[in-house]
Each structure stands twice: as structure tokens, then as C-alpha cells.
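Heads up, the sequence shown is in my numbering, so the first residue is 48 and it goes up one at a time.
Below is one structure, written out as C-alpha cells, with a few remarks after it.
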Amino acid sequence: MAHDARREDYLRMSLRFALSLDEGSPDHAARAFASFGRKFAQDRDALPQSDADRAFHLVALATELLDYRLPFAGDDLVEPLRSRARGMLDEAVSLDPSCHDAVRMRASLDTPSHEERLGLLSERAEAVRMACEAERDALVDMLEEPRRPLASSISMRPWWRWLAEMAECALICGHNHAAMEAAERLLESDPHDLSDVRFTLAYTLVKLEDATGLECLLERYPSLAAPRGADDAWILLARTALAFKRLELDDARGLLASLLRAYPRCGTALAQQVEIGDGLFARIRVPAYSEDELVVALSEGVVLLQEGVERTGKGVFGAWVAKTAAELDPAVPKGAATGMPPRGASRS
């Protein structure tokens, strides 16, 4: 889960600081940079920064409120937190109208319909790409070789996050070919998949019932996901869903058992299938192979789990997953697999 707004804020400022030192002596630059971390933490305003840097800092603050505090806030805090975050995003756009993350997140706040959001994202996508590439080229030209890869990556990340949300919105809306196109376009721009868009692509391939495509994605994992293998919750749930669709139930059961081995003591999460809100900045960051990661994967997987009509309200595949997880994991509480799926924040 690589998109960390606070870390990116630090990296942006460190590049800006490095640029400000380039005309001085190497000894002076080394001494000055040794104090950068302390200054960033204690006196950020004293550091050199542009309006774009200030805008991104506001995005990072808004991300903390929307993606990491709001989902756990009591009802009385929801609107105040949203209002504070919206104010930060508004200020970010006023400082830097080309702050694409702020524009995108504000649109997500103000446009609850995934179909409308997809339309807005698609309409502006090409302009965002061109702006990010122009910023990358200008910044790379100003930097020495060792700093260029980082500068290039940071410049392109708003575009990558834009494409990642396009892919997710298209998947939710049932525009599966559009979701696949956005995901592949992102992987072409970022072959190391900083955005983990392969997760969205895996679910999209299941919706398209593209077994060959899913096998090809598995083969691409070493280059996309290193050092992780092809045993994350998304790819395993996708493979399970496709086997279930093809009525290969023994294979589906075996894959679900593999999922439980990769995520020990998480059978209850598979049985309950809690739905949580999506991150607005990017997919929320959680520890790899944790129950939280499985919960995120299951929440995004409602497009697979809730297909078809089933009396528990989980969907045909979701009900089978819940029942089978309870059989495979004795720690699953009785009744967890048969009740209605509990809901967290809405997917908006």
C-alpha cells in the first residue's frame, strides 16, 4: 500500500530543499540537509516551498481526516471532519489550481454517484496526464541524475492516483472494459504498480470471466508486486470467484483455504464481509497480510461477493464464501456466516 500522503509530502519538500542548495558548496549542502528532518517536523514554514508544495501539504492533512479518522468517528464528528477536510481541499485548489489530488478528492466528496465521478475523471484525464508529464520533464531537467527517478515518480503520482480511481469507479459501475483499460494504462505508466491497481484489475478480469487474462496477471506479479508474491487477498479472492463461476467448486474451496493460510485467524472477516468506505486519496494503507488488509479486499470485492440473489443478502458467491470459511476455520463464531452482512461506512 504505497501511496502515503504524509511520506510524499516529506519527499516533495526534500526535493525542493535539495534544489535550493544546489548552488552552494557540497559541504554546506550536506550540513544543511542534515537538519532538514528536524526543520520539516518543527518549523515547516521556514523551509523553501512553492504554492504547489503548500497545496499538497493541505491534501495530506485532509487525507488524514477523511481516510483515517472519518471511518472511525462518531456520528457527531462526521460532518465537522468532512467540513474541515473540504475547507483544506478548497484552500489547496485556491493555492494551486493544478493540485490534481485536491480536485479529485473534492469531486469525490461532492459527487456521491460513482457514475458521475467516473464521467468527471474521464473528461479531465488527458489534461491531468499532460500536466503531470510536463511537470516531470521540467523538474527532471533541473536535477542531477541521482534525484531524477524520485522526482519523476512524485510528479506522476497524481496521474497514477487519478487512473486508479477511474479504474475502481468503472469497476463499481459495471464498465468492466473501461476499468481494464484504465488499469492497464496505469501499469504502462508505472510498471512497478505503486498504486496496487493490479488488485482492481484482478476483480475486473473475474467480472469479464477472462481466465486467460487472470493467468497472465499471475505471471506478471513478480515484476509488479516484488517482494510480495501472488498470494494477496485480492488475487486469491479473484481466483476463487472465477473457479466458483466455472462451477469448479473443489478448486474454489482449495483457493479459499489458501486465502485463510495467507491470512491466519481471519475466517470471521470472510464470513461477515464488512463493507467499509474507500480511501479518497488512495487505497487506505494497512499492514500486508493483516485482517485489515483482508477487510479492505473484501469490501472492494462486493462487486463479486454480492452478485446474484441469496436469502442472507450476501449474494450467491458471498454466501458460499461465508459458509465455506466457517467450515474451514473453526474459530468463526456460529451464525457469522448466515447473518446479513454488517455495514461500515458507505462506498462513496
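Glycine included, C-beta positions come from ideal geometry on N, C-alpha and C.
Owing to the predicted nature of the structure, the values given are computational and were not obtained by experimental measurement.
For the alpha helix (DSSP H) holding residue i, just list the boundary residues, first then last.
| i | result |
| --- | --- |
| F291 | A280 to K292 |
| I323 | Where I323 is concerned, there is no enclosing alpha helix (DSSP H), given that its DSSP letter is neither H nor E. |
| P205 | R195 to C220 |
| R54 | A52 to L68 |
| L248 | V244 to K254 |
| C179 | H161 to M189 |
| E235 | N223 to S236 |
| E192 | Careful: E192 lies outside any alpha helix (DSSP H) and carries neither H nor E. |
Between residue i and the rest of its own chain, which residues show a CB-CB distance below 6 angstroms, the 5 nearest in sequence each way excluded?
| i | result |
| --- | --- |
| L117 | L128 |
| A107 | A52, R53 and D56 |
| H50 | A329 |
| E228 | none |
| R245 | L271 |
| A230 | A214, V244, T247 and L248 |
| A384 | A318, A369, K370 and A373 |
| L341 | A280, Y310, C313 and A316 |
| D237 | W207 |
| T110 | A52 and F328 |
| L265 | A277 |
Quick one: what's got a C-beta closer than 8 angstroms to residue i's C-beta in the same chain, skipping five residues either side?
| i | result |
| --- | --- |
| L218 | A226, T247, Y250, T251, K254 and V350 |
| S305 | D278 and L283 |
| K86 | A93 and L94 |
| L302 | L283, R286, T287 and A290 |
| L58 | L197 and I201 |
| R183 | A198, S199, S202 and M203 |
| R91 | M60 and H104 |
According to DSSP, is residue i helix, strand or coil?
| i | result |
| --- | --- |
| D90 | coil |
| L271 | helix |
| D376 | coil |
| L261 | helix |
| L156 | helix |
| A383 | coil |
| A84 | Just to set this straight, residue 84 is Gly in the shown sequence, not Ala. G84: helix per DSSP, three-state reduction. |
| R394 | Residue placement at R394 is poorly supported in this model, since its pLDDT is 35, which falls under 50; the coordinates still yield a value, given next. Residue state, collapsed to three classes: coil. |
| A49 | coil |
Excluding five sequence neighbours on each side, which residues of the same chain lie with their C-beta closer than 7 angstroms to the C-beta of residue i?
| i | result |
| --- | --- |
| E354 | G362, V363 and F364 |
| V379 | G314, T315, A318, A372 and A373 |
| C220 | H161, E162 and L165 |
| L375 | L303, A304, L307 and G314 |
| Q320 | L345, L352, K361, G365, A369 and P388 |
| D100 | R59, M60 and R63 |
| G348 | Y250 and L284 |
| E138 | L105 |
Does residue i get closer than 8 angstroms to chain C when you measure Cβ to Cβ?
| i | result |
| --- | --- |
| A198 | In the structure shown, chain C cannot be found, because there is only a single protein chain. |
4-residue-minimum alpha helix (DSSP H) runs that sit fully inside the region 296-373, ordered along the chain = 296-309, 314-319, 338-347 and 349-352
Whole alpha helix (DSSP H) runs in the region 88-149 with 4 or more residues, listed along the chain?
-> 98-110 and 122-142
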